[in-house]
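Protein sequences, first through last, are from chains A and B.
Numbering follows the numbering used here, in which position 241 of the first sequence is assigned residue number 241; successive positions increment by one, without gaps.
Numbering follows the numbering used here, in which position 214 of the second sequence is assigned residue number 1214; successive positions increment by one, without gaps.
Idealized CB from N, CA, C, for every residue including glycine.
First up is the structure itself, then whatever we jot down about it.
There are 2 protein chains.
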Amino acid sequence: MKNKPLILVTNDDGITAPGIRTLIKVMNTIGNVVVVAPDSPQSGMGHAITVDNVLHCNPIKIDEGNQIEYSCSGTPADCVKMAKKIILNKTPDLCVSGINHGANSSISVLYSGTMSAAIEAGIEGIPSIGFSLLDYDWLADFNASEEFIKKIALNVLSNGLPKGVILNVNIPKLKKEEMKGIKICRQANGIWEENYTKRKNPSGKEYYWLSGSFKNNDKGQDTDIWALENGYISVVPVQFDMTAHHAIQNLNTWDL
Amino acid sequence: MKNKPLILVTNDDGITAPGIRTLIKVMNTIGNVVVVAPDSPQSGMGHAITVDNVLHCNPIKIDEGNQIEYSCSGTPADCVKMAKKIILNKTPDLCVSGINHGANSSISVLYSGTMSAAIEAGIEGIPSIGFSLLDYDWLADFNASEEFIKKIALNVLSNGLPKGVILNVNIPKLKKEEMKGIKICRQANGIWEENYTKRKNPSGKEYYWLSGSFKNNDKGQDTDIWALENGYISVVPVQFDMTAHHAIQNLNTWDL
């Protein structure tokens, strides 16, 4: 019998979040699971790493299951780096990050701690997937997504991923029977239009809270936003070569 | 006479860093400068934004010059968002970020707070450039780079940038007369091989410090790493559409 795959699980909402607990449960049915996740919520951390502070990383056991777990003080990207270098003795066969409480579609991929962990694993050469559910509720229903997550993970394990490619999977907030299936997409051209709420602290000093709303500027039917709005699970292949190759020729005409 | 361009200046090393002071000085010779920069160092912050904490933003005056300055408590990406929404009444004609103390070439573009500020401005539709000098010394000599920075900024102001494209400029640690010129490049395929130093705190609890060394896996002579190693200033056009478009066809053959 073939050895079970070694699966690294992480997230950005913190190791106790219901989203990662669901992801661990699903991965336990596929392979040997090692969890290395932040000890506190790290939403919006982008691809931050900890260079100016110390890092802690300790064994922990949160709930039932065969997984081995470590809780770390760093960012999601730190967790993947520490998992590889300090905790595991080999490169895992798969890294999964999430399930994020909330969407990471379109431009949100850049701000997402969930995706930065997945991308960090991709940079390290580990086949990697980030999962997000379009429901910010801490007690969101992750059950409907379990079967789809397992299907995508098994496909990555059997097919591999093209070099330098990571999957960004977003799941609509729907009942299982309402989901129309899985769609390969491109990142929609959209933007967060931010808003700031201005307040005063008890001493009278002004401060701000960031909030915002997403605006889709993309009419394409091949985007993640279109898929999600039409009942599909979106899968966007993401790369970490950020070069705008198409712009090089134009820039070479400049007088530099 | 044409109106002077409005230039937003930010960075990730903090508003008092010598790198940003040099950048402000250069930009003051081109346009009307507004500085909105972090009140503390934000290196390695990637594209982090502040969603779980309050933000402060206050006028400040650090040194001579015609620039208007604001010091903010957030990340580099926060600074750009706050600049646009709270401080400026119009979209700036140009955003420049840096000069970073240290390289942001190859894969470092993903971890870079300097580049995340520039990319955030790009997302907002502002022509935008991140500048980095390959010298981590706080007292690095930024003078040699001034003329090149001005040339690149003036080119962006006169030519504009292709939609969705930001420039990532890295400058070698050389005397002005040793610099061979400016080269348009692609992001080299490289990786940070991290190392962790394990220590014990005074109570005996273990902790780690992250360090690492960069490894270039790319033999191409069209990369930023090659250019920098050969005495050129590297200019990489960067995009925030992270879709691996070339992988979509392959993924569509999967059984999903």
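Suppose the cutoff is 6 Å on Cβ atoms and the five residues either side in sequence are ignored; what does the same chain contact list for G14/A look like? Taking the first residue of the first sequence as 1, we reach residue 14/A at position 14. P38, S40, P41, listed in sequence order.
I need the DSSP call for A1077/B, collapsed to helix, strand or coil. Taking the first residue of the second sequence as 1, we reach residue 1077/B at position 77. Of the three classes helix, strand and coil, the one that applies to A1077/B here is helix, per DSSP.
So the alpha helix (DSSP H) F148/A belongs to, where does it begin and stop? Stepping through the first sequence from its first residue, residue 148/A is reached at position 148. Where F148/A is concerned, the enclosing alpha helix (DSSP H) stretches over 146-159.
Give a yes or no on whether 8 Å exceeds the smallest Cβ distance from V54/A to chain B. Sequence index remark: in the first sequence, residue 54/A carries index 54 (1-based). Yes, contact with chain B.
Contact with chain B by K85/A, beta-carbon distance below 8 Å: By 1-based counting over the first sequence, the position of residue 85/A is 85. Chain B, which has a Cβ nearer than 8 Å to the Cβ of K85/A, makes this yes.
Is the CB-CB distance between R199/A and D222/A below 8 Å? Translated into the one-based positions of the first sequence, residue 199/A becomes position 199. Translated into the one-based positions of the first sequence, residue 222/A becomes position 222. Not a contact, by the Cβ cut-off of 8 Å.
Does the beta-carbon distance from E194/A to K1081/B come in below 8 Å? Residue 194/A sits at position 194 when you count from the first residue of the first sequence. Residue 1081/B sits at position 81 when you count from the first residue of the second sequence. Yes, Cβ-Cβ distance for E194/A and K1081/B is below 8 Å.
Contact between the stretch 1104-1113 of chain B and the stretch 1224-1242 of chain B: three or more CB pairs below 8 Å? yes
Are the Cβ atoms of A1017/B and C1079/B separated by less than 8 Å? Stepping through the second sequence from its first residue, residue 1017/B is reached at position 17. Stepping through the second sequence from its first residue, residue 1079/B is reached at position 79. Cβ distance not < 8 Å, so A1017/B and C1079/B don't count as in contact.
Does the stretch 167-174 of chain A come within contact of the stretch 125-144 of chain A, defined as at least 3 CB pairs closer than 8 Å? yes
Going by the CB atoms, is the gap between W209/A and V1054/B shorter than 8 Å? Sequence index remark: in the second sequence, residue 1054/B carries index 54 (1-based). Sequence index remark: in the first sequence, residue 209/A carries index 209 (1-based). In contact: V1054/B and W209/A (Cβ atoms closer than 8 Å).
Taking 8 Å as the CB-CB limit, is T1029/B close to chain A? Stepping through the second sequence from its first residue, residue 1029/B is reached at position 29. It does not: the Cβ of T1029/B has no partner Cβ on chain A nearer than 8 Å.
For K1215/B, go through chain A and note every residue whose CB falls closer than 7 Å to its CB, in chain order. As a position in the second sequence, residue 1215/B is number 215, starting the count at 1. Correct list: empty, because the minimum Cβ distance to chain A is about 11 Å.
Does any CB atom of chain B fall closer than 8 Å to the CB of V9/A? On the first sequence, residue 9/A is found 9 positions in, with the first residue counted as 1. By this cut-off, V9/A is not an interface position.
V1051/B versus S211/A - alpha carbon distance: Mapped onto the second sequence, residue 1051/B falls at position 51. Mapped onto the first sequence, residue 211/A falls at position 211. Each residue's alpha carbon lies about 8 Å from the other.
Just the Cα atoms here: how many angstroms apart are Y1196/B and S1043/B? Here residue 1196/B corresponds to residue number 196 of the second sequence, with the count starting at 1. Here residue 1043/B corresponds to residue number 43 of the second sequence, with the count starting at 1. Rounded to whole angstroms, Y1196/B to S1043/B spans 18 Å at the Cα level.
Just to make sure I have the definition right: I need the residues of chain A whose C-beta is within less than 8 Å of the C-beta of Q1239/B. Which are they? For the purposes of this step, residue 1239/B is identified with residue 239 of the second sequence, where counting begins at 1. The contacting residues are M242, T243, A244, A247.
On the three-state DSSP scale, how would you describe S213/A? Position 213 of the first sequence, counted from the first residue, corresponds to residue 213/A. Strand.
Nearest CA to the CA of P1005/B: which residue from V1235/B, L1023/B, N1032/B? Sequence index remark: in the second sequence, residue 1005/B carries index 5 (1-based). Nearest of V1235/B, L1023/B, N1032/B to P1005/B, Cα basis: N1032/B.
So I1233/B and I1191/B are in contact, right, with Cβ under 8 Å, and what is the actual spacing, rounded? Position 233 of the second sequence, counting from 1, holds the residue named residue 1233/B. Position 191 of the second sequence, counting from 1, holds the residue named residue 1191/B. Their Cβ separation, rounded to whole angstroms, is 23 Å, which puts I1233/B and I1191/B out of contact at 8 Å.
What is the rounded straight-line gap between the Cα of C1095/B and the Cα of N217/A? Working through the second sequence from its first residue, we reach residue 1095/B at position 95. Working through the first sequence from its first residue, we reach residue 217/A at position 217. Their backbone Cα atoms lie some 22 Å apart in a straight line.
So which residues of chain B does I129/A contact, with C-beta pairs closer than 8 Å? Looking up residue 129/A in the first sequence gives position 129. Those within 8 Å of I129/A in chain B number zero; the least Cβ separation is about 12 Å.
Helix, strand or coil for Q1249/B per DSSP? Position 249 of the second sequence holds residue 1249/B. In this structure, Q1249/B counts as helix in the three-state DSSP scheme.
Contact set between the stretch 1034-1062 of chain B and chain A, restricted to residues whose Cβ is under 8 Å from the partner: P1041, S1043, G1044, M1045, G1046, H1047, A1048, I1049, T1050, V1051, D1052, V1054, L1055, H1056, C1057
In chain B, what lies closer than 8 Å to R186/A by C-beta? As a first step, residue 186/A must be located in the first sequence, where it is residue number 186. Ordered by position in chain B, the residues that pass the 8 Å Cβ test against R186/A are D1241, T1243, H1245, I1248.
With a threshold of 8 Å between beta carbons, is I1015/B in contact with chain A? Along the second sequence, one-based indexing puts residue 1015/B at 15. Not closer than 8 Å to any Cβ of chain A, the Cβ of I1015/B fails to qualify, so no.
Have a look at the DSSP bridge pairing and note the partners of K200/A. What you label residue 200/A is simply residue 200 of the first sequence in a count that begins at 1. In DSSP, K200/A forms a bridge with E206/A.
Cβ-based contacts, 7 Å cut-off: residues of the stretch 1186-1208 of chain B near chain A: R1186, Q1187, I1191, E1194, Y1196, Y1207, Y1208
Tell whether a beta-carbon distance below 8 Å holds between I1119/B and I1020/B. To locate residue 1119/B, count along the second sequence from 1; it is residue 119. To locate residue 1020/B, count along the second sequence from 1; it is residue 20. No, the pair does not count as a contact, with Cβ atoms beyond the cut-off.
Does V1238/B pass the burial test, meaning 16 or more other C-beta atoms within 10 Å, or should it be called exposed? Residue numbering aside, residue 1238/B sits at position 238 when the second sequence is read from its first letter. V1238/B comes out buried.
Take G46/A as the anchor and find which of H1101/B, L1110/B, L1008/B has the nearest alpha-carbon. In the first sequence, the residue the question calls residue 46/A occupies position 46. When only C-alpha atoms are compared, the closest one is L1110/B.
So, with DSSP's three-state summary, where would you put K183/A? What you label residue 183/A is simply residue 183 of the first sequence in a count that begins at 1. DSSP places K183/A in strand when its eight states are reduced to three.
Chain-ordered neighbours of K81/A on chain B, where CB pairs are closer than 9 Å: The count along the first sequence starts at 1 and reaches residue 81/A at position 81. In chain order: W1192, E1194, Y1196, L1210, G1212.
Just to check my reading of the structure: H285/A and A140/A have Cβ atoms closer than 8 Å, yes? What is that Cβ distance to the nearest angstrom? Only positions 1 to 256 of chain A appear in the structure, and residue 285/A is not among them; the question remains open.
Between N250/A and P1202/B, is the Cβ-Cβ spacing less than 8 Å? Numbered from 1 along the first sequence, position 250 holds the residue referred to as residue 250/A. Numbered from 1 along the second sequence, position 202 holds the residue referred to as residue 1202/B. Contact flag unset, no.
Please state whether the Cβ-Cβ distance between V235/A and I166/A is less than 8 Å. On the first sequence, position 235 is the one that residue 235/A refers to. On the first sequence, position 166 is the one that residue 166/A refers to. Not in contact: V235/A and I166/A (Cβ atoms no closer than 8 Å).
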